[in-house]
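Beneath this line is the structure, given in structure tokens, with notes to follow.
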Amino acid sequence: MNKVLIDELIEFSLSAGISGREEKIRDLVISRLPGVNYKVDNVGNLVVELGEGNKSVAIMAHMDEIGLLITGITPDGCLTFRKVGGFDDRLLLGEHVNVVTDSGVVDGVIGITPPHLGGIQSAENLRIDVGAHNKEEAEEMGIKVFDFAVFKKHVSVLNNRYLSVRSLDDRFGCVALIYVLKNIIKKSLKKKIYFVWTVQEEIGLKGAKAFVSRNRIDMCYAVDSFACCSSLTGPVMCGKGPVLRVADNSAIASYDEVKKILHLANANGVPVQIGVTGGGTDGSAAMEFGSKMVPVTLAVRYLHSQAEYISLEDFENLTKLLSILLEK
1009 MNKVLIDELI
1019 EFSLSAGISG
1029 REEKIRDLVI
1039 SRLPGVNYKV
1049 DNVGNLVVEL
1059 GEGNKSVAIM
1069 AHMDEIGLLI
1079 TGITPDGCLT
1089 FRKVGGFDDR
1099 LLLGEHVNVV
1109 TDSGVVDGVI
1119 GITPPHLGGI
1129 QSAENLRIDV
1139 GAHNKEEAEE
1149 MGIKVFDFAV
1159 FKKHVSVLNN
1169 RYLSVRSLDD
1179 RFGCVALIYV
1189 LKNIIKKSLK
1199 KKIYFVWTVQ
1209 EEIGLKGAKA
1219 FVSRNRIDMC
1229 YAVDSFACCS
1239 SLTGPVMCGK
1249 GPVLRVADNS
1259 AIASYDEVKK
1269 ILHLANANGV
1279 PVQIGVTGGG
1289 TDGSAAMEFG
1299 SKMVPVTLAV
1309 RYLHSQAEYI
1319 SLEDFENLTK
1329 LLSILLEK
């Protein structure tokens, strides 16, 4: 069990940042960069550029997570909100949350009407209760519209092989890019490589679209989650290696590039799975602007829930495979 890796994944996952509010994650990534120049573009993407040549490659991971945007404060001091990103409304019922304000984090709960008093409350009428008696008291706690909330996060290491914590999607990708950058920074690179930590992926790949609209990319590797495990995704599972996400709801990966990746993985002894799932990745945004793309992902069980989990061995094989791809 790699304790250093576990601690890093936990630190990134516990940091809060929904779509449009990725600043804490971006600062954390910057603090871990290995002495390279970086820039933050106009929409908030963090970009590191290495190498030079006629060909260009982008490796992307998104910084944002699903959560709640505070939309108002009721006269009785509760907070109204809207969902940011896609997740099952049932996750909200009876949940503990952290409300992130400019002055700090405020504990809150999303209560439900007990069965003794009339049964199930609809998700549209749910509120965050922070213990305030009225609107003014909530405002005195530093809460305002455009603050945000995330599910309170709990960590479990399962059987010394799997890590479970909310927002592994896509914080493991953010960490993976740092590892890969450190692996290849001193290599002789014959192409231009962009490392891009993107914003607002969960609400429509906004950051990736902004980046590829301004930078010519020949090949894109989206480092993201592969939602498993169901009849749709077949035999793909945690612990069998990284997953080439060859098709989802947004795009189909380059067949030729998938074959090349499989050849390199086999030649270097890296286990790889191939899978089809739902959703989309930043890679599809790159494809819309003329880039080939293959999402190189990890199988994530219970995706977009508080119990997301990945295989630690899969993560190590992911960074190994990505380092080989960028170097070759």
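Residue numbers (our numbering): 1009 to 1336. We put the beta carbon where it would ideally sit given N, CA and C, even for glycine.
Cβ shell of Lys-1328 (< 7 Å), same chain only, five flanking positions each side left out: The count along the sequence shown starts at 1 and reaches residue 1328 at position 320. Once the five neighbours on either side are set aside, the close Cβ partners of Lys-1328 are Val-1278.
For Gly-1112, count neighbouring Cβ atoms within 10 angstroms of its own Cβ and tell me buried if that reaches 16, exposed if not. Residue 1112 sits at position 104 when you count from the first residue of the sequence shown. Around the beta carbon of Gly-1112, fewer than 16 other beta carbons lie within 10 angstroms, which makes this residue exposed.
Please state whether the Cβ-Cβ distance between Asp-1232 and Thr-1285 is less than 8 Å. By 1-based counting over the sequence shown, the position of residue 1232 is 224. By 1-based counting over the sequence shown, the position of residue 1285 is 277. Between Asp-1232 and Thr-1285, the CB-CB gap reaches or exceeds 8 Å.
Out of Asn-1167, Gly-1080, Val-1183 and Ile-1225, which one is the CA nearest neighbour of Met-1009? Here the question's residue 1009 lines up with position 1 in the sequence shown. Per the Cα distances, Asn-1167.
Cutoff 7 Å; reference Thr-1088; Cβ partners in own chain excluding five residues on either side: For the purposes of this step, residue 1088 is identified with residue 80 of the sequence shown, where counting begins at 1. Cβ-Cβ distances below 7 Å link Thr-1088 to Thr-1079, Gly-1080, Thr-1082 and Arg-1135 in the same chain, with the five nearest sequence neighbours on each side left out; the list follows chain order.
Sort out for me which residues DSSP pairs Gln-1314 with in a bridge. To locate residue 1314, count along the sequence shown from 1; it is residue 306. Gln-1314 has no beta-bridge partner at all, per DSSP.
Would you check if the segment 1195–1213 and the segment 1155–1162 touch, i.e. whether three or more CB-CB distances between them fall below 8 Å? The answer is no - the segment 1195–1213 does not touch the segment 1155–1162, with fewer than three Cβ pairs under 8 Å.
By the DSSP assignment, the alpha helix (DSSP H) with Cys-1228 in it spans what residues? Taking the first residue of the sequence shown as position 1, residue 1228 is located at position 220. From DSSP, Cys-1228 is part of no alpha helix (DSSP H) but of the beta strand (DSSP E) over 1227–1230.
Span separating the alpha-carbon of Leu-1240 from that of Val-1163: The residue you call residue 1240 lines up with position 232 of the sequence shown. The residue you call residue 1163 lines up with position 155 of the sequence shown. Separation of Leu-1240 and Val-1163 (C-alpha to C-alpha, rounded to the nearest whole angstrom) is 28 Å.
Determine the DSSP secondary structure at Gly-1337, reduced to helix, strand or coil. Not covered by the structure: residue 1337. The range shown for the chain is 1009 to 1336.
Per DSSP, which residues does Ser-1233 bridge with? Please list them. The residue labelled residue 1233 in the question sits at position 225 within the sequence shown. DSSP, once it has assigned bridges, lists Leu-1306 as partnering Ser-1233.
Whether or not the segment 1184–1193 and the segment 1038–1047 are in contact is what I'm after, with contact meaning three or more pairs of Cβ atoms, one per stretch, closer than 8 Å; do they touch? At 8 Å Cβ cutoff, the stretches touch.
With the cut-off set at 8 Å, would you say Ser-1331 and Met-1301 are in Cβ contact? Position 323 of the sequence shown, counted from the first residue, corresponds to residue 1331. Position 293 of the sequence shown, counted from the first residue, corresponds to residue 1301. No, they are not a contact pair.
What is the DSSP secondary structure of Glu-1073, counted as helix, strand or coil? Counting from 1 along the sequence shown, the entry for residue 1073 is found at position 65. Strand.
DSSP bridge partner residues for Leu-1054 (one or two, in chain order): Against the sequence shown, residue 1054 aligns to sequence position 46. According to DSSP, which records beta bridges pairwise, Leu-1054 is partnered with Val-1048 and Trp-1205.
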